[in-house]
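According to the working numbering, the sequence shown is numbered sequentially starting from 60.
Even for Gly, the Cβ is constructed at its ideal location relative to N, Cα and C.
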Amino acid sequence: MPSTAERCRTVALGGHREFCEDCGFERYQYHTCRNRHCPKCQTQQRNEWVQARIGELLPVPYFHHVFTLPHELHTLILSGGDTAHLRRHGGIHTALAHLGSTTSSAPPSPLPDRRRLPAPWVLYSKPPFAGPRKLPDYLGRYTHRLAISNDRLLSCDEGRVCFIWRDRRDGDKKKVARLPAEEFLNRFVKHILPDRFQRIRDYGLLANRGKHARLDRCRALLASPVESTGIPHDQ
Numbered sequence: 060m061p062s063t064a065e066r067c068r069t070v071a072l073g074g075h076r077e078f079c080e081d082c083g084f085e086r087y088q089y090h091t092c093r094n095r096h097c098p099k100c101q102t103q104q105r106n107e108w109v110q111a112r113i114g115e116l117l118p119v120p121y122f123h124h125v126f127t128l129p130h131e132l133h134t135l136i137l138s139g140g141d142t143a144h145l146r147r148h149g150g151i152h153t154a155l156a157h158l159g160s161t162t163s164s165a166p167p168s169p170l171p172d173r174r175r176l177p178a179p180w181v182l183y184s185k186p187p188f189a190g191p192r193k194l195p196d197y198l199g200r201y202t203h204r205l206a207i208s209n210d211r212l213l214s215c216d217e218g219r220v221c222f223i224w225r226d227r228r229d230g231d232k233k234k235v236a237r238l239p240a241e242e243f244l245n246r247f248v249k250h251i252l253p254d255r256f257q258r259i260r261d262y263g264l265l266a267n268r269g270k271h272a273r274l275d276r277c278r279a280l281l282a283s284p285v286e287s288t289g290i291p292h293d294q
């Protein structure tokens, strides 16, 4: 486990005092580590990330693309990191805004020609079920996913860690597992990404340089009368 995460919200990282001048109530808050592998910090960071992405949405339809990655690419992706935990779960999730126009009454498809994709690649694409605003929330579960959340940990005593897990082969039932502390930590550290590894990359309109100017321009153009795309904007 990263050393900063071990000291999260403890005296080791310092803290500050909060004081109410009206009632005299005061409390002390220890500082957070903000490490991306820390179960205590990621919930807040994920919520902040989701709200920022919702603020960038345009009033157009969106599509959610998922590319399943060939196993041969996993070692390249982590370039020296421990890839054992990615052998069955490697994938790329993308959010695509539909900004084109058409005179056809049928919605245009944003899907690439699957025949041009290399054989090991599998593409899944469809509009988000609950509309574009739900897409950042869904993606946030992946971009800020942790090895295990605090609410699944039940106890740690006598050198053993007790936690909840779901048995997918038995009707997705919740079960309790008990592991030696050393084995639990060994499994946890396999989910720690190498330094400088990026989970999220923005392209096109959302590329960092000039992003806000491009989004403002898009909103201005979309607010003007334009030819119908054939796709309802409130999906």
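Strand pairing of residue i, partner residues [DSSP]
{"i": "Pro186", "result": "Its beta-bridge partners do not exist; DSSP assigns none."}
{"i": "Val181", "result": "Thr127"}
{"i": "Tyr121", "result": "Ala156"}
Reduced DSSP category for residue i - H, G, I as helix; E, B as strand; rest coil
{"i": "Gly74", "result": "strand"}
{"i": "Gly150", "result": "strand"}
{"i": "Ile207", "result": "coil"}
{"i": "Glu80", "result": "coil"}
{"i": "Arg68", "result": "coil"}
{"i": "Pro195", "result": "helix"}
{"i": "Glu116", "result": "Position check: residue 116 holds Leu in this sequence, whereas Glu was assumed. In this structure, Leu116 counts as coil in the three-state DSSP scheme."}
{"i": "Thr288", "result": "At Thr288 the pLDDT is 40, less than 50, meaning the model places this residue with poor confidence and gives no usable figure here."}
Residue closest to residue i, alpha-carbon to alpha-carbon, out of the options
{"i": "Pro120", "options": "Ala189, Cys100, Arg260 and Asp196", "result": "Ala189"}
{"i": "Glu85", "options": "Glu77, Cys92 and Thr91", "result": "Glu77"}
{"i": "His124", "options": "Thr63, Leu182 and His271", "result": "Leu182"}
{"i": "Trp108", "options": "Arg204, Glu65 and Phe122", "result": "Arg204"}
{"i": "Arg278", "options": "Cys97, Pro118 and Thr69", "result": "Pro118"}
{"i": "Asp210", "options": "Lys233, Arg192 and Arg227", "result": "Lys233"}
{"i": "His271", "options": "Arg112, Ile223, Val235 and His75", "result": "Arg112"}
{"i": "Pro186", "options": "His157, His75, Tyr201 and Ser214", "result": "His157"}
{"i": "Gly199", "options": "Gln110, Arg237 and His75", "result": "Gln110"}
Alpha-carbon spacing of residue i relative to residue j, whole angstroms
{"i": "Gly218", "j": "Tyr89", "result": "27 Å"}
{"i": "Arg105", "j": "Leu212", "result": "20 Å"}
{"i": "Asp141", "j": "Arg246", "result": "Residue placement at Asp141 is poorly supported in this model, since its pLDDT is 47, which falls under 50; the coordinates still yield a value, given next. Distance between the alpha carbons of Asp141 and Arg246 is about 11 Å."}
{"i": "Leu281", "j": "Asp275", "result": "10 Å"}
{"i": "Glu260", "j": "Cys92", "result": "According to the sequence displayed, residue 260 carries Arg and not Glu. Straight-line Cα distance between these residues: approximately 23 Å."}
{"i": "Cys221", "j": "Arg273", "result": "50 Å"}
{"i": "Arg225", "j": "Gln257", "result": "28 Å"}
{"i": "Ser208", "j": "Cys82", "result": "36 Å"}
{"i": "Gln103", "j": "Ala64", "result": "15 Å"}
{"i": "Leu116", "j": "Pro195", "result": "9 Å"}
{"i": "Lys99", "j": "Cys67", "result": "8 Å"}
{"i": "Gly230", "j": "Arg268", "result": "47 Å"}
{"i": "Gly73", "j": "Asn94", "result": "16 Å"}
{"i": "Pro129", "j": "Asp216", "result": "41 Å"}
{"i": "Ala240", "j": "Leu264", "result": "46 Å"}
{"i": "Tyr299", "j": "Gln101", "result": "Only positions 60 to 294 of the chain appear in the structure, and residue 299 is not among them; the question remains open."}
{"i": "His152", "j": "Cys79", "result": "45 Å"}
{"i": "Lys193", "j": "Gly150", "result": "20 Å"}
{"i": "Pro191", "j": "Thr202", "result": "17 Å"}
{"i": "Pro253", "j": "Thr127", "result": "21 Å"}
{"i": "Glu131", "j": "Lys249", "result": "19 Å"}
{"i": "Ser184", "j": "Ala206", "result": "27 Å"}
{"i": "Arg228", "j": "Tyr87", "result": "46 Å"}
Which whole runs of the beta strand (DSSP E) in the region 212-282 are 3 residues long or more, in chain order? 212-216, 219-226 and 232-239
Runs of 4 residues minimum, wholly inside the region 82-106: which ones carry the alpha helix (DSSP H) assignment? none
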